[in-house]
Amino acid sequence: MEIGLVVDAACDLPPAFLAEQGVEVLPIGIRLGERQMEDVRDPERTAAFYRERLDRRTELHAQSRPLEPAEIEAVVLERWATRYDHLVCMTITASRSPIYAHATRAALTVGTRAREVRRAAGLPLRWGATVVNSRSMFAGQGVLAWEAARLRAAGSGLGELEQRLLGLAEHIHAYLVADDLYFILHRAARKGERSVNWASYALGNLLDVKPILHCHRDSTEPVAKARGFEAGARRLFDNVLAQCTAGLEVPCVCLSYAGDLARLERLEGYAGFRAALQTQGVALLVSQMSKTGAINVGIGSLCVAFAAARHRFS
121 MEIGLVVDAA CDLPPAFLAE QGVEVLPIGI RLGERQMEDV RDPERTAAFY
171 RERLDRRTEL HAQSRPLEPA EIEAVVLERW ATRYDHLVCM TITASRSPIY
221 AHATRAALTV GTRAREVRRA AGLPLRWGAT VVNSRSMFAG QGVLAWEAAR
271 LRAAGSGLGE LEQRLLGLAE HIHAYLVADD LYFILHRAAR KGERSVNWAS
321 YALGNLLDVK PILHCHRDST EPVAKARGFE AGARRLFDNV LAQCTAGLEV
371 PCVCLSYAGD LARLERLEGY AGFRAALQTQ GVALLVSQMS KTGAINVGIG
421 SLCVAFAAAR HRFS
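The numbering used here numbers the first residue of the sequence shown as 121 and each following residue consecutively.
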């Protein structure tokens, strides 16, 4: 059985990893003012997006538009119905986006048409799709996809792969520190979220306090504050290293930054963080945050994720 692995465009992984491991990408639509585009994790387009450094007004009017079930069906039929016998689609947390619901609906209805396409191509008619809610976002989705790729490469069967992913999703921890508190507050308010409130913004803006957000099991909440973005980044690095010492479910840490990755090299503590992970035999996958992620949490945001059965922010 040929198993296809699919992530939505909000999943943050290096382009080289996606290409080498054959991980497919489900597009997400984006509207920037009057401009319409698709986020397909194209590295050149993503880099160009950040180089433009969209002004605040344009950013605040940007919106992501997940594909509707019928649109997902069309993508499946065109790209993957004949290439794979079974698709495993891993989505951003269902609490932040309808992608999981839409993909689940598409998986339930596309089977008949997929078999017709396969019949016309002279392929066996057996075909199926599984949709997994990562219960995380951005770099957190990357941790789940990393494990899925490892299992597929190791020859794991579909049942084993599905059960492992469902279990691992319960243990993924994604942390985010935003460089633009006003932006993340505005976006959260539009979605009815209360991760940060206006009182926090007023004080934070005065003192350059940045909230550290934690996404785990479909819930996103503030867990700490830091004086300045770089201090927040150091706290994330220290937290990850402490957890590596305590133990990880998979030897992988994913990190994404909504901007030029060269800035990471200049962050105090980053070089030591990277070296420490290498010493401990933990893979570090670094990528630019997706355009989808950036318009929801703001340019300059940093997300770091790992999987651990027992974890407490330190």
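Even for Gly, the Cβ is constructed at its ideal location relative to N, Cα and C.
Coarse secondary structure for residue i, derived from DSSP in three states
i           : result
residue 177 : Confidence is the limiting factor: at residue 177 the pLDDT is only 48, short of 50, which leaves the residue's position unreliable, though a coordinate-based value still follows. Correct three-state label for residue 177: helix.
residue 170 : helix
residue 237 : helix
residue 367 : coil
residue 432 : coil
residue 211 : strand
residue 182 : coil
residue 125 : strand
residue 230 : coil
residue 224 : helix
residue 263 : helix
residue 424 : strand
residue 419 : coil
residue 151 : strand
residue 295 : strand
residue 145 : strand
residue 158 : strand
Candidates the options, of which the one nearest residue i by Cα
i           : options               : result
residue 248 : 229, 387, 265 and 213 : 229
residue 163 : 422, 430, 425 and 409 : 409
residue 156 : 184, 131 and 426      : 184
residue 85  : 425, 351 and 397      : Absent from the structure is residue 85, since the part of the chain shown begins at 121 and ends at 434.
residue 287 : 276, 252, 259 and 339 : 252
residue 366 : 305, 433 and 353      : 433
residue 149 : 140, 141 and 159      : 159
residue 246 : 202, 133 and 382      : 202
residue 291 : 231, 275 and 431      : 431
residue 361 : 380, 231 and 399      : 399
residue 166 : 130, 187, 154 and 369 : 130
residue 186 : 269, 363, 213 and 197 : 213
residue 272 : 429, 356, 123 and 236 : 123
residue 347 : 301, 396 and 364      : 301
residue 236 : 370, 171, 196 and 217 : 196
residue 222 : 147, 259, 238 and 299 : 147
residue 417 : 363, 331, 370 and 355 : 331
Residue i, buried or exposed, once every other Cβ within 10 Å from all chains shown has been counted against 16
i           : result
residue 420 : buried
residue 414 : buried
residue 267 : buried
residue 333 : buried
residue 177 : Here residue 177 scores only 48 on pLDDT, less than 50, and its place in the model should not be relied on; the value that follows carries that caveat. Exposed: under 16 other Cβ atoms inside 10 Å.
residue 121 : exposed
residue 328 : exposed
residue 232 : exposed
residue 136 : exposed
residue 132 : buried
residue 193 : buried
is_contact[residue i, chain C] using C-beta, thresh 8 Å
i           : result
residue 266 : Here there is only one protein chain, and chain C is not present.
Heavy atom of the ligand MG within 7 Å of residue i beta-carbon
i           : result
residue 335 : What this structure holds is no ligand at all, so the ligand MG is not there to describe.
### Task
Please go through the region 375 to 411 and give each complete alpha helix (DSSP H) segment of 4 or more residues, from N-terminal end onward.
382 to 386 and 390 to 399
### Message
Any contact between the region 360 to 374 and the region 400 to 416? By contact I mean 3 or more CB pairs, one from each, below 8 Å.
### Response
yes
#### Entry: Whole beta strand (DSSP E) elements within the region 320 to 360, 3-residue minimum
329 to 336 and 339 to 347
### Message
Under 8 Å, with one C-beta from each stretch per pair, do the region 265 to 284 and the region 198 to 214 reach the 3-pair mark?
### Response
yes
### Task
For the region 335 to 349 and the region 377 to 386, state whether three or more C-beta atom pairs, one from each stretch, are separated by less than 8 Å.
no
### Task
Mind listing, in chain order, the continuous alpha helix (DSSP H) runs of no fewer than 4 residues lying wholly within the region 243 to 289?
259 to 273 and 278 to 289
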